[in-house]
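Engineer: Please find one structure pasted underneath; my questions will follow.
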Amino acid sequence: MTPTDITRAINDLLFTPGLDLTQALDRHFTPDYRQRTDGVWSDRAAFTQHMTRLRSLVRSGHIEVHDEFRDGLRYADRHTVTLTQHSGRTSRTEVYLFAECAPDGRFRRVEETTLLLTGHPDDQNLGHIS
1 MTPTDITRAI
11 NDLLFTPGLD
21 LTQALDRHFT
31 PDYRQRTDGV
41 WSDRAAFTQH
51 MTRLRSLVRS
61 GHIEVHDEFR
71 DGLRYADRHT
81 VTLTQHSGRT
91 SRTEVYLFAE
101 CAPDGRFRRV
111 EETTLLLTGH
121 PDDQNLGHIS
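Mapping the sequence shown onto my numbering, position 59 (from 1) lands on 59, and the numbers just tick up by one.
This is how it looks when you write it as structure tokens:
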């Protein structure tokens, strides 16, 4: 299996509406997946709920990866996510991400810090994958 990366994961999760969410999650995240975003931990069930909510809000968007590194089962990147909601509101969020991958290449654990670059303060939680 080809190891996942943030571009493929976000594209499948948010920008490919015809792809079943469960299929997208299984493709990129292990069943025991955990994530810490801006100091708050969530498990895969909470992550799934968040992705369901984001899919209902986001009309379109794109990701730009600025830096990306892989060392064995470790992965890190710095990326910016631009999202346009169905309401027309657009936000840009910069994300610093560090991850541990499973031997099959999927994300097992992600720790990230986010910074809202443009957009409404309520959009802070839209630009990260948790």
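All residues carry an ideal CB built from backbone N, CA and C; glycine is no exception.
Confirm, please, whether the CB-CB distance from Val58 to Leu83 is below 7 Å.
Structural biologist: Locating residue 83 in the sequence shown gives position 83, where the first residue counts as 1. Locating residue 58 in the sequence shown gives position 58, where the first residue counts as 1. The answer is yes: Cβ separation under 7 Å.
Engineer: Put Ala76 into one of helix, strand or coil per three-state DSSP.
Structural biologist: As a position in the sequence shown, residue 76 is number 76, starting the count at 1. Strand, per DSSP.
Engineer: Opposite Ser60 in the DSSP bridges: which residues?
Structural biologist: Indexing the sequence shown from 1 puts residue 60 at position 60. Beta-bridge pairing links Ser60 to Thr84.
Engineer: Give me the Cβ distance between His120 and Arg89, rounded to the nearest whole Å; I'm assuming they're in contact under 8 Å.
Structural biologist: Taking the first residue of the sequence shown as position 1, residue 120 is located at position 120. Taking the first residue of the sequence shown as position 1, residue 89 is located at position 89. At roughly 6 Å, the Cβ-Cβ gap stays under 8 Å, so His120 and Arg89 are in contact.
Engineer: With 16 other CB atoms within 10 Å as the buried threshold, where does Thr16 fall?
Structural biologist: As a first step, residue 16 is located in the sequence shown; it is residue number 16 there, counting from the start. Result: exposed.
Engineer: Since Asp26 is in the alpha helix (DSSP H), which residue starts that stretch and which ends it?
Structural biologist: Residue mapping note: residue 26 aligns to position 26 of the sequence shown, counting from 1. Per DSSP, the unbroken alpha helix (DSSP H) holding Asp26 starts and ends at Leu21 to His28.
Engineer: Arg108 lies in the alpha helix (DSSP H); which residues open and close that run?
Structural biologist: Looking up residue 108 in the sequence shown gives position 108. Where Arg108 is concerned, there is no enclosing alpha helix (DSSP H), although the beta strand (DSSP E) it sits in stretches over Phe107 to Thr118.
Engineer: So, for Leu19: in the same chain, excluding its five sequence neighbours on each side, which residues have a beta-carbon less than 8 Å away from its beta-carbon?
Structural biologist: Here the question's residue 19 lines up with position 19 in the sequence shown. Excluding sequence neighbours, Leu19 sits near Asp12.
Engineer: What is the rounded straight-line gap between the Cα of Ala76 and the Cα of His50?
Structural biologist: The count along the sequence shown starts at 1 and reaches residue 76 at position 76. The count along the sequence shown starts at 1 and reaches residue 50 at position 50. Cα-Cα distance, rounded: 22 Å.
Engineer: My output table needs one value for Asp5: the three-state DSSP class, helix, strand or coil.
Structural biologist: Here residue 5 is taken as the residue at index 5 of the sequence shown, counted from 1. Of the three classes helix, strand and coil, the one that applies to Asp5 here is coil, per DSSP.
Engineer: Going by the beta-carbon positions, is the gap between Glu100 and Arg106 smaller than 7 Å?
Structural biologist: Here residue 100 refers to the residue found at position 100 when the sequence shown is read from its first residue. Here residue 106 refers to the residue found at position 106 when the sequence shown is read from its first residue. It is not a contact, given that the beta carbons lie outside the stated cut-off.
Engineer: Could you give the DSSP three-state label for Phe15: helix, strand or coil?
Structural biologist: Residue mapping note: residue 15 aligns to position 15 of the sequence shown, counting from 1. It is coil, neither helix nor strand.
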